[in-house]
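Presented below is the structure to which this report refers.
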Amino acid sequence: MHKLVRLDHAHVWHPFTQMRDWLRREPIVITSGQGAVLRDMRGREYLDANSSIWTNLHGHNHPKLNAALKRQLGKIAHSSALGFANEPASGLAAELVKLANPKRSASSPRRLQKVFFSDDGSTAMEVALKLAYEFTRRTRGPKTKPRFLSLAGAYHGDTVGAVSLGHIDLFHKAYGGLLFKTDQVMSPYCYRCPFNRAKPERADARKTRKCNWECVGKVEAKCAAARKQGNPYAAFVFEPLMQGAAGMIPQPEGWLKRVTDIARGHGALLVADEVMTGFGRTGSVFASQTESVQPDFLALAKGLTGGYLPMAATLTTQRVFDAFLGEYEEFKTFFHGHSYTGNQLGAAAGLASLELLARSTSVAARATLEKALRRELKSLWSLSNVGDVRQVGLVAGVELVRDWRTREPFALAERAGIRVCEAMARRGVLTRPIGNVVVLMPPYCTTTAQVKRMAGALYEAVEEVLGG
Ligand code: PMP
-15 MHKLVRLDHA
-5 HVWHPFTQMR
5 DWLRREPIVI
15 TSGQGAVLRD
25 MRGREYLDAN
35 SSIWTNLHGH
45 NHPKLNAALK
55 RQLGKIAHSS
65 ALGFANEPAS
75 GLAAELVKLA
85 NPKRSASSPR
95 RLQKVFFSDD
105 GSTAMEVALK
115 LAYEFTRRTR
125 GPKTKPRFLS
135 LAGAYHGDTV
145 GAVSLGHIDL
155 FHKAYGGLLF
165 KTDQVMSPYC
175 YRCPFNRAKP
185 ERADARKTRK
195 CNWECVGKVE
205 AKCAAARKQG
215 NPYAAFVFEP
225 LMQGAAGMIP
235 QPEGWLKRVT
245 DIARGHGALL
255 VADEVMTGFG
265 RTGSVFASQT
275 ESVQPDFLAL
285 AKGLTGGYLP
295 MAATLTTQRV
305 FDAFLGEYEE
315 FKTFFHGHSY
325 TGNQLGAAAG
335 LASLELLARS
345 TSVAARATLE
355 KALRRELKSL
365 WSLSNVGDVR
375 QVGLVAGVEL
385 VRDWRTREPF
395 ALAERAGIRV
405 CEAMARRGVL
415 TRPIGNVVVL
425 MPPYCTTTAQ
435 VKRMAGALYE
445 AVEEVLGG
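Structure representation (structure tokens):
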């Protein structure tokens, strides 16, 4: 057994992994990367088809990001934001504020003006949750018990607060006793629309009817009921345009604007979780902007550092910030923070990544990549085990089913998604499924030929593992 495998098997416990399965085989041990390519300890090359769990933007080993980090390393790697300011964190905060308010004047109350840094998507959401909670108590009165509404299938991270906002039984049920209760409302999962209203992407055996936005009506009903009970929702929490870990569920055009207007109309703050959708993944810099939705909280992580370092940010308004101002002895302080908050290396990578993101070459590359992905994924429709192919910008999910006519899902225990991804890995393409949904989310530097290889590997893997 290779020394690196021995070491891993002896000591490392991997996330979201059945370790008995893991220990049965030799893992792929990544030793280097270049652009969209990852290399393992045996010298084999793979395409990074999910951007290293949705983090990488511009490719691995990027000269500009490397140079920015080296420059910063020549000064300092880290000093604490508890008590001290630092140059790259302040610069990054200013850039994020600019990006988050493309057309908003400095005096607009909706302007996202303040940035709270943390470490990852879960903590970015935890910060939004705590701020929304405390802001609500301070504005509605200390006796208020703030309530939260999020979407069915939601995933917002693995810390206890973020898990409370989530609604994936498989991940979250075990911790029920640790969690606080939040409400859920149906998400617009058109492919499995319970009202049978979905527009089918291809003719099938199910009769579908015209969509009357029944799912939007559900949000209205929930918000109205909470208000009638005298305790309107403190916040509505959502991933804009595409719900990621729920199974790559895209929202039909207009849904986001409608539901956020409704939630806000009933007094709720808006918490946009753009941990996955942020930084151009869905087309615009932030997905909320596509439908002109300005949230009160914007949670960012994953791509914030171009996929180099763990760093996150929660943006909010001056109004929320002001609610935490007071004399020291009033103890209105936001009592939250992490050792690595505002880390200089992460911030330097973030600044360099944002500069790359704004370049016209990157904008053009993303447009080409989006088209290539759409074109290459078309061939998958001919497979009888492919039920749905969903793409928003540079994010795609392919739902595997027993038979596309009936849409019958595979039981999770059959590991259909996992087995297909293993067969893709044997063909040199790495990604990870969400249940029966295979994700393709390539880094922005991925070439058209590489996209073709990713889609080709998926096609062959479905044929090999599921028979068609
Ligand atoms: N929110 C969303 C939408 C996510 O996709 C994820 C991670 N997949 C998280 C939050 C949690 O982020 P992290 O894993 O960095 O804690």
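Sequential numbering from -15 applies to the sequence shown in our numbering.
Using N, Cα and C, we set each Cβ at its ideal position, and we do this for glycine too.
Figure out for me which residue from V413, P393, T317 and T300 has the closest Cα to the Cα of R95. Minimum Cα distance to R95 is reached at T300.
Taking just the CA atoms, how far does M(-15) sit from K355?
K355 and M(-15) have their C-alpha atoms some 43 Å from each other.
Proximity winner among A333, G451 and S344, relative to D387 (alpha-carbon distances):
Nearest C-alpha to D387: G451.
Assign H140 to buried or exposed, taking buried as 16 or more other Cβ atoms, counted over all protein chains shown, within 10 Å of its Cβ.
Burial call: buried.
At 4 residues or longer, what runs of the alpha helix (DSSP H) sit wholly inside the region 398 to 440?
For secondary structure counted as the alpha helix (DSSP H) over 4 or more consecutive residues, the region 398 to 440 holds these complete runs in sequence order: 400 to 410.
Discussion item. At a threshold of 6 Å, does S106 count as lining the ligand PMP (C-beta to nearest heavy atom)?
Written reply: The ligand PMP has a heavy atom closer than 6 Å to the beta-carbon of S106.
- Task: Name the two residues that bound the continuous alpha helix (DSSP H) containing Y117.
- Result: Boundaries of the alpha helix (DSSP H) around Y117: G105 to R124.
Which runs of the beta strand (DSSP E) at least 3 residues long sit entirely within the region 321 to 400? Give them in chain order. List check, beta strand (DSSP E) in window: 370 to 376 and 379 to 387.
* So, helix, strand or coil for E185, using DSSP? -> Note on E185: pLDDT 49, under 50, position unreliable in the model; the coordinate value appears next. Three-state result, E185: coil.
Extent of the continuous alpha helix (DSSP H) to which Q2 belongs: Looking at the DSSP string, Q2 is not in any alpha helix (DSSP H), and its letter there is neither H nor E.
Would you mind sorting R265 into buried or exposed? The rule is 16 or more other CB atoms within 10 Å of its CB.
The residue is buried, with at least 16 neighbouring Cβ atoms inside 10 Å.
Going by alpha carbons, who is nearest to R389 out of G125, L22, Y175 and A90? It is Y175.
Based on the DSSP output, what are the partners of K221 in its beta bridges? One point to set straight first is that residue 221 is Val, not Lys, in the sequence displayed. In the DSSP assignment, V221 forms a beta bridge with S134 and V255.
(Q) So, for E185: in the same chain, excluding its five sequence neighbours on each side, which residues have a beta-carbon less than 6 Å away from its beta-carbon? (A) Only weak support is given to the placement of E185: the predicted model assigns it a pLDDT of 49, under 50, and the question is left unresolved by the model.
Supposed close pair P426, M438 - CB separation, criterion 8 Å = Cβ-Cβ separation between P426 and M438: approximately 6 Å, consistent with a contact (criterion under 8 Å).
Notebook entry, point to check: Hey, how far is the Cα of V81 from the Cα of Q273?
Noted result: If you take the alpha carbons of V81 and Q273, they lie about 14 Å apart.
Can you give the Cα-Cα distance for A61 and N180, rounded to whole angstroms? Between A61 and N180, the C-alpha separation is close to 55 Å.
*In whole angstroms, what separates the C-alpha of G251 from that of V277?*
Between G251 and V277, the C-alpha separation is close to 16 Å.
Residue burial classification, E258 (beta-carbon count within 10 angstroms, cutoff 16): Around the Cβ of E258, a 10 Å sphere holds 16 or more other Cβ atoms; the residue is buried.
Tell me the DSSP secondary structure of Y292 in three-state form. For Y292, the secondary structure class from DSSP, reduced to helix, strand or coil, is coil.
Here's the rule I'm using: 16 or more other beta-carbon atoms within 10 Å means buried, otherwise exposed. How should Y159 be labelled? With fewer than 16 Cβ atoms within 10 Å of its Cβ, Y159 is classed as exposed.
Do you know offhand how far Q235's Cα is from R122's?
Roughly 33 Å between the two C-alpha positions.
With burial defined as no fewer than 16 other Cβ atoms inside 10 Å of the residue's Cβ, what is the status of D188: buried or exposed?
Here the model assigns D188 a pLDDT of 49, short of 50, so the residue's position is not dependable and the matter cannot be decided.
- For the beta strand (DSSP E) containing T15, list its first residue and its last residue. Unbroken beta strand (DSSP E) run through T15: I14 to Q18.
Report the residue ranges of all alpha helix (DSSP H) runs contained in full by the region 197 to 250; include only those spanning at least 4 residues, in chain order. Taking only runs of at least 4 residues, the alpha helix (DSSP H) segments lying wholly in the region 197 to 250 are 198 to 212 and 239 to 249.
task = Count the other CB atoms, across all protein chains shown, that sit within 10 Å of the CB of N420; report buried if there are 16 or more and exposed otherwise.
result = The residue in question, N420, is buried, as its Cβ has 16 or more Cβ neighbours within 10 Å.
Query raised in the report: What span of residues does the beta strand (DSSP E) with R461 cover, start to end?
Result: A question about residue 461 goes unanswered here, because the residues of the chain that appear run from -15 up to 452.
Kindly confirm or deny that the region 311 to 329 and the region 398 to 416 touch, where touching means at least three C-beta pairs closer than 8 Å.
-> The answer is no - the region 398 to 416 does not touch the region 311 to 329, with fewer than three Cβ pairs under 8 Å.
* Hey, would you say the C-beta of A112 is under 6 Å away from at least one heavy atom of the ligand PMP? -> No; taking the cut-off as 6 Å, the Cβ of A112 has no heavy atom of the ligand PMP nearer than that.
Inset, instruction - State yes or no: is the C-beta of G228 nearer than 6 Å to some heavy atom of the ligand PMP? - result: For the ligand PMP, at least one heavy atom lies less than 6 Å from the Cβ of G228.
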